[in-house]
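Each residue of the sequence shown is one higher than the one before, starting from 350 at the first, in the working numbering. We put the CB at the ideal spot given by N, CA and C, even for glycine. Remember, predicted model here, so these are calculated numbers, not experimental data. Step one of this worksheet: look at the structure below.
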Amino acid sequence: MEKLLDHARRELDGGETFLEFRLDYLPAPAAGVDAIREFVSAHPDCSVLATCRRHQNQGRFNGSVEEQIQILSAAIHAGAIAVDIEVESAENVAAKLECLRGQAKLIVSYHNFDGTPAIEPVLRRMQKIPADAYKIVTTARKPSDNMRVLALSKAHPRVPFVVLAMGEIGFPTRVLSPSLGGLYTYAAPLASEGTASGQVSARQLRHLYRVEKFTKAAKVYGVIADPVRHSISPPVHNRAFQARRLDAVYLPFLVHAAQLKDFFALADELPIAGFSVTIPHKQKMLRYVDVVDPLARRIGAVNTVWKKAGKWRATNTDAAAVTGPLGKRLRLPKSTVLVVGNGGAARSAAYALLDGGAKVSIVGRNPDRVRALAKVCGAEPLLKSQLKDRMFDALVHATPLGMFPHVDDCFFDGHIPAEIVFDMVYNPMETALVKRAADQGRQVIPGVQMFLEQAAQQFEIWTGASAPRAVMEKAAEEALVS
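Structure, rendered in structure tokens:
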């Protein structure tokens, strides 16, 4: 009980005034009633929602439905302003619920931990039970599941809803639901202690995603990737939107390799105004956009997409973000540069460097793909074994090796064959490659420099406003050390 109260006080100190007490998480759920009484007595301005979910519905309470009702009734008498009861329990004690409803707000909830079924039949089932609000929580297995859940409030504007999708794929619903008509959203007591997959702290929802600030008309942007939780793009772009006072929000979208088509179903309906593209979608994205600029078409990869006049347009801001930082440290024409990688990022780097007049060699983990890339862009293909006798003016690392959470991975086991080492990986800021390069006396360019340059260009393409670069740099640094 003390842990429950400690969590509640901590959130209260952080400015939260509406808290859910999960009584089923206590060894003796009935004892949680005393915790509510003590907390409400000490903090009368804070509203408490009481929940005691049964184990049959992924909760921890092992008692009967009748005992569940008794605990929730006692919680109301102790000061809870609302109670949440799952529809499975509510159907068994519908008559008794009217008594509860007369004393506090009654929320009837539905949870699906396996996926997102057809929503309308679920709603019809729930509405057979009179309630003050209906909470529908599913699990997102694909991006379009988010839209199916969020569409409920639009389809039934007179019905009070709390809607969201669990899981990392479903994270956008936690941010967008209130602006689209949801009564409230859910956050974890602490970001590292979420009670459901995909939860973040209330502080992040309020201050990073500004869930209470942006409107229903806000433009939605984001980054699509797999993995995506490592991305620092959300804090960087959201701080930039805030600095320019734009009604916009930037979200992380987890999109698996086979889900790009499904993502566009979400993007068209939400609607999404633009998004960043990263691993593993930069090359495949070409199949799904309507207009690709000549540079991105030649590179064969895009990292920036936006909608204009009803058409999806794409470009690649990675190219200039490579040559910019490198060009400040050496004269690109006739310099020798080794590109490490054979994917979309490596392709962007190779074309940008060749356009800048550099002599480019390419090495990677897949020799066949290295040869194919070198042939198409006019570079020299190399095997890793050939590097021991070579030295380059600069090296551009364009693979995910060393990226969080695999921070100890590095393409090079020992000698790093370049005077300047530019690592595209930005999280962590000091990768295994950057550490080894510094130890060998190499000049190092951390990936965050490239990240900030391409992000600033994205911001300007999307908004037409100048990028607040100092704000974005500070946000990136804070995100990388947090």
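Relative to the Cα of Pro466, the nearest Cα in the group His505, Ile420, Ala514 and Pro506 belongs to Ala514.
In the DSSP annotation of this structure, the continuous segment of the beta strand (DSSP E) that includes Thr685 starts and ends at Thr685 to Val689.
By the C-beta density criterion, Gly813 is exposed, having fewer than 16 other C-beta atoms within 10 angstroms. If you look at Gln792, you'll find it in the beta strand (DSSP E) that goes Gln792 to Ile794. Where Met752 is concerned, there is no enclosing beta strand (DSSP E), because DSSP gives it neither an H nor an E. In the DSSP annotation of this structure, Thr627 is not part of any alpha helix (DSSP H), being labelled neither H nor E. Under the Cβ criterion (8 Å, minimum of three pairs), the region 620 to 633 does not count as touching the region 502 to 509.
The shortest C-alpha to C-alpha distance from Cys726 to any of Leu703, Trp655, Leu744 and Lys633 is the one to Leu703.
A contact between stretches requires three or more CB pairs, one per stretch, nearer than 8 Å, and the region 771 to 785 fails this requirement with the region 649 to 659. For Val774, no alpha helix (DSSP H) segment is defined, and its DSSP state is neither H nor E. Between the alpha carbons of Arg818 and Arg594 lies a gap of roughly 15 Å. For Met515, the enclosing beta strand (DSSP E) stretches over residues Phe510 to Met515.
Per DSSP, Lys477 has no beta bridge partner at all.
Per DSSP, Thr672 is one residue of the alpha helix (DSSP H) stretching across Asp667 to Gly676. Taking 8 Å as the cut-off, the Cβ atoms of Ser413 and Asp433 do not count as close. Rounded to the nearest angstrom, the Cβ distance from Gly516 to Gly547 is 5 Å, consistent with a contact under 8 Å.
Judged by beta-carbon spacing, Leu600 lies within the 8 Å limit of Pro521, meaning their Cβ atoms are closer than that value.
With at least 16 other beta carbons inside 10 angstroms of its own, His746 counts as buried. Taking C-alpha positions only, Gly690 is separated from Leu421 by approximately 58 Å. Counting only residues of its own chain and dropping the five nearest sequence neighbours on each side, Pro629 has a CB closer than 7 Å to the CB of Asp575 and Ala606.
DSSP places Val436 in the uninterrupted alpha helix (DSSP H) bounded by Val436 to Ala439. Counting C-beta atoms within 10 angstroms of its own C-beta, Arg523 has 16 or more neighbours from the protein chains shown and is therefore classed as buried.
DSSP lists Asp433 and Ala482 as the beta-bridge partner residues of Ile456.
Going by DSSP, His586 is part of the alpha helix (DSSP H) stretching over Ser582 to Ala592.
Note that the region 637 to 651 does not touch the region 759 to 774; fewer than 3 beta-carbon pairs, one per stretch, sit closer than 8 Å. For Gly693, the enclosing alpha helix (DSSP H) starts and ends at Gly693 to Asp704.
For His746, the enclosing beta strand (DSSP E) stretches over residues Phe741 to His746. DSSP, read as helix, strand or coil, puts Thr780 in coil. Of the candidates Ala805, Tyr535, Asp463 and Thr564, Tyr535 places its Cα closest to the Cα of Gln553.
If you draw a straight line from the Cα of Leu446 to the Cα of Val397, it comes to about 18 Å.
Ala574 is bridged by DSSP to Leu603.
It is roughly 18 Å from the alpha-carbon of Tyr700 to the alpha-carbon of Val770. The C-beta separation of Phe367 from Leu353 comes to about 16 Å, leaving the pair out of contact by the 8 Å criterion.
Check the Cα spacing between Ala489 and each of Cys395, Phe602, Gln632 and Lys562: the tightest is with Phe602.
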